[in-house]
Amino acid sequence: MSGVEWIILFLQLMVAIMQLLDAYLKFGA
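Right, dumping it as structure tokens:
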């Protein structure tokens with residue numbers, strides 16, 4: 318994998334984590 322692919326993968330992962338955290342705070346709090 319090239320560097321650009323790793324960056325895209327990492328950004329997608331960060332977005333997914335933020336969405337999970339947002340859902341957790343909405344339903345868990």
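Heads up, the sequence shown is in this note's numbering, so the first residue is 318 and it goes up one at a time. Where is the CB? At the ideal position from N, CA and C, for every residue including glycine. Remember, predicted model here, so these are calculated numbers, not experimental data.
Asked: Looking at the ligand PLP, does it come within less than 8 Å of Gly345, judged from the CB to the closest heavy atom?; Found: With respect to small molecules bound, the structure shown includes none, and the ligand PLP cannot be examined in it.
Asked: Would you identify the three-state DSSP class for Met318, choosing helix, strand or coil?; Found: coil
Asked: For a quick check, are the C-beta atoms of Leu326 and Met318 less than 9 Å apart?; Found: yes
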